[in-house]
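Protein chains in written order, with this note's numbering: chain A, 1 to 300; chain B, 1 to 300.
Backbone N, C-alpha and C define an ideal beta-carbon position, used for all residues, glycine too.
Just so it is clear, the structure is predicted and the values come from calculations on it, not from any experiment.
Here is the structure we will look at, set down as structure tokens.
Protein chains: 2
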Amino acid sequence: MPLLVVGSVAIDNVETPQETRSNLLGGSATHFSYSASFFTSTRLVGVVGADWPQKHTQLLNSRGIDTTGLQTIANGKTFTWTGRYHDNMNDRDTLDVQLNVFGEFNPNLPENYTRAKYVFLANGVPAVQQNVLSQVPGCRLVVADTMDLWINTAREDLDELLKKLDGLVLNDSEAKLLTGTENLALAGHMVRDMGPKFVIIKKGEHGAMFFSEHETYVLPAFPTEKVVDPTGAGDSFAGGMMGYLAEQDNFEPQTLKTAMAFGIVVDSYNVEGFGLARMQEISREDIDGRMEAYRQMLSF
Amino acid sequence: MPLLVVGSVAIDNVETPQETRSNLLGGSATHFSYSASFFTSTRLVGVVGADWPQKHTQLLNSRGIDTTGLQTIANGKTFTWTGRYHDNMNDRDTLDVQLNVFGEFNPNLPENYTRAKYVFLANGVPAVQQNVLSQVPGCRLVVADTMDLWINTAREDLDELLKKLDGLVLNDSEAKLLTGTENLALAGHMVRDMGPKFVIIKKGEHGAMFFSEHETYVLPAFPTEKVVDPTGAGDSFAGGMMGYLAEQDNFEPQTLKTAMAFGIVVDSYNVEGFGLARMQEISREDIDGRMEAYRQMLSF
């Protein structure tokens, strides 16, 4: 089943304790769709400016990602993000954000996109996420991401959105902020009470937690010694997960758990290189191989 | 197989955001042996003062724990620890430590203890840990714990000890301190290069990582909404793990992984009450039941 993602497409500048890299292909929709492309055909909705290098679009197309929904604003500039990672490669400081054309982003979906059955609303203004959602009335599964900024500044819109979601993914600090509790096992169910049928809390190097009415579980991250650039890790996780769900065309409890495991495995590759560098070296066979190692790791 | 543990026996005073409790039965050897007692007979070596309530010894004996090695210093006072947990129930401040009789602790093992095959050297002065180790020349498996204090103040003794160990358990911040790296997947193998055949890094609410020559794996914590008092969690984990190994009387790779899972499961009960309160309510059947839920959680 085709998968629709709506989110940011960006140019990233990343500083790590080891190295600095500029002009990386970034953005939530980019990391998501690249990861999802190993599982299913993905339709991307986003916006870029006149400065956007055409080679980036070509790279996405080479993975079978449909970029019909990637709008170019002729007199605008592409969203850029500049950040610096701490020694722990988990915490980071945002040094500069230029929203540019993404600041006005409120897309009208191409007609064939509106029949999408699997939809991911990457992190963005909740009102815009809602507007997109209203354009895919027949979708079977809609999952969204959010962030602290919207929890703090657009809480009413976010609360409205939450009621319409099948799933929400958010990170641990956002779950604590949204619920006011420090206990993640509790926070997950509190967020679920706000609307989503299931909630996934991303814990970075510590894996992810899943919450539904009848289930609570945790899966660890796949351990890697080679963390080069964690940018986009959460979106890559979501892309692997949603890609697998769309491929399987079901979201039964056991499929959801396997999907979460695939998300973790794909994400573990994403962090092994700057931007999408490592992702460009791997194949579905690599992912399946690491998935098998991950299954073995959790068998006793 | 009987299991020997050498470590602290203490009176704890614990403040959490919810509640304050005084005069709890605490200490590393206590939490360890109580957890291990669900799997095997355990011999405890420790020291207390004249103020030690006899009912605590009776509680340990009621679990089949051999306290022949628990020495009472007639004119001394028992080790006491007072601490306050932060809102996240993970970080804590030590408000007061009175080492008392534990400050001079350097035990001579009872003769029948010296034939122990499974030995756990709970956190303590590395030179004392070495002295104990020299008294069990025929042991098959020796595992130790350590802490930041010894890494900072007794590094040479600790380095000597590490060369003699089969296994070392330590927490994430200690692993980072010992190796100077923030990447735990890397740190685990760096600690292993210092001597132990295997290393386990405890990550609190995020589970534990295992490192041997041929294996690296992570198991998540069992998610519990009810974290009442994390004191002794690491010792409880080690007790469950070592108890299972001694019960199985082998430490093959697959047994070690199952043992670590049992450690995590037992530990998840330990934090659900102050001191040993929750542990006194459970049976081996409860542990096996939660272990089955934990296995299911990690199956996909």
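For residue i, collect the residues of the same chain with a Cβ closer than 6 Å to its Cβ; drop the 5 residues on either side in sequence, then sort them by chain order.
i, result
"residue 199 of chain B", "168, 188, 191, 192, 211"
"residue 226 of chain B", "272"
"residue 119 of chain A", "4, 136, 139, 142"
"residue 48 of chain A", "9, 72, 78"
"residue 377 of chain B", "Residue 377 of chain B falls outside the range modelled here, since chain B spans only 1 to 300, and no answer is possible."
"residue 313 of chain B", "Residue coverage of chain B in this structure runs from 1 to 300, which leaves residue 313 of chain B outside it and unanswerable."
"residue 50 of chain A", "74"
"residue 203 of chain B", "172"
"residue 278 of chain A", "269, 272"
"residue 239 of chain A", "32, 35, 36"
"residue 194 of chain B", "162"
"residue 259 of chain B", "241, 244, 245"
"residue 156 of chain B", "none"
Just verifying my parser: in three-state terms, what is the DSSP assignment at residue i?
i, result
"residue 140 of chain B", "coil"
"residue 73 of chain B", "strand"
"residue 183 of chain A", "coil"
"residue 282 of chain B", "coil"
"residue 16 of chain A", "coil"
"residue 44 of chain A", "strand"
"residue 21 of chain A", "strand"
"residue 298 of chain B", "coil"
"residue 265 of chain A", "helix"
"residue 287 of chain B", "helix"
"residue 4 of chain A", "strand"
"residue 10 of chain A", "strand"
Within the same chain, show all residues whose beta-carbon is closer than 7 Å to that of residue i, passing over the 5 residues directly before and after it, in chain order.
i, result
"residue 22 of chain A", "13"
"residue 158 of chain B", "126, 146, 150, 151"
"residue 205 of chain A", "90, 221"
"residue 92 of chain A", "83, 84, 85, 86"
Please list the partners that residue i has in chain B, where partner means a Cβ-to-Cβ separation under 9 Å.
i, result
"residue 219 of chain A", "220, 297, 298, 300"
"residue 207 of chain A", "206, 207, 218, 220"
Pull up the CB-CB distance for residue i and residue j, whole angstroms please, since I reckon it's below 8 Å.
i, j, result
"residue 224 of chain B", "residue 185 of chain A", "6 Å"
"residue 70 of chain A", "residue 46 of chain A", "5 Å"
"residue 218 of chain A", "residue 220 of chain B", "4 Å"
"residue 60 of chain B", "residue 67 of chain B", "6 Å"
"residue 122 of chain B", "residue 288 of chain B", "25 Å between Cβ atoms; not a contact."
"residue 82 of chain A", "residue 99 of chain A", "13 Å between Cβ atoms; not a contact."
"residue 237 of chain A", "residue 267 of chain A", "4 Å"
"residue 129 of chain A", "residue 170 of chain A", "With a Cβ gap of about 13 Å, residue 129 of chain A and residue 170 of chain A do not count as contacting."
"residue 276 of chain A", "residue 298 of chain B", "Between residue 298 of chain B and residue 276 of chain A the Cβ distance is about 30 Å, and since that is not below 8 Å, they are no contact."
"residue 88 of chain A", "residue 174 of chain B", "That belief does not hold up - the Cβ atoms of residue 88 of chain A and residue 174 of chain B are roughly 15 Å apart, past 8 Å."
Under 7 Å between beta-carbons, which chain A residues line up against residue i? List them in chain order, please.
i, result
"residue 186 of chain B", "225"
"residue 257 of chain B", "300"
Could you tell me which chain A residues have their CB closer than 8 Å to the CB of residue i, listed as they occur along the chain?
i, result
"residue 261 of chain B", "300"
"residue 1 of chain B", "Per Cβ cutoff of 8 Å: no residues; residue 1 of chain B is ~20 Å from chain A at best."
"residue 203 of chain B", "206"
Note down, in chain order, every chain B residue with its Cβ under 7 Å from the Cβ of residue i.
i, result
"residue 182 of chain A", "87, 88, 89"
"residue 254 of chain A", "300"
Quick one: residues in its chain with C-beta nearer than 8 Å to the C-beta of residue i, no 5 flanking neighbours on either side, listed in chain order?
i, result
"residue 312 of chain B", "Residue 312 of chain B is absent from the model: chain B starts at 1 and stops at 300."
"residue 166 of chain B", "141, 142, 143, 196, 197, 198, 251"
"residue 177 of chain A", "148, 151, 152"
Answer with yes or no whether the minimum CB distance from residue i to chain E is below 8 Å.
i, result
"residue 122 of chain A", "The structure shown contains no chain E; the protein chains it does contain are A and B."
Exercise for the section: Please specify which runs of the beta strand (DSSP E), each continuous and at least 3 residues long, are wholly inside the stretch 187–250 of chain A, giving them in chain order. Expected result: 198–202, 208–211, 216–219
Handout entry: Contiguous alpha helix (DSSP H) assignments of at least 4 residues, all confined to the stretch 71–150 of chain B
Key = 126–133
Problem - 4-residue-minimum alpha helix (DSSP H) runs that sit fully inside the stretch 150–178 of chain A, ordered along the chain - result: Complete alpha helix (DSSP H) runs here, min 4: 155–162.
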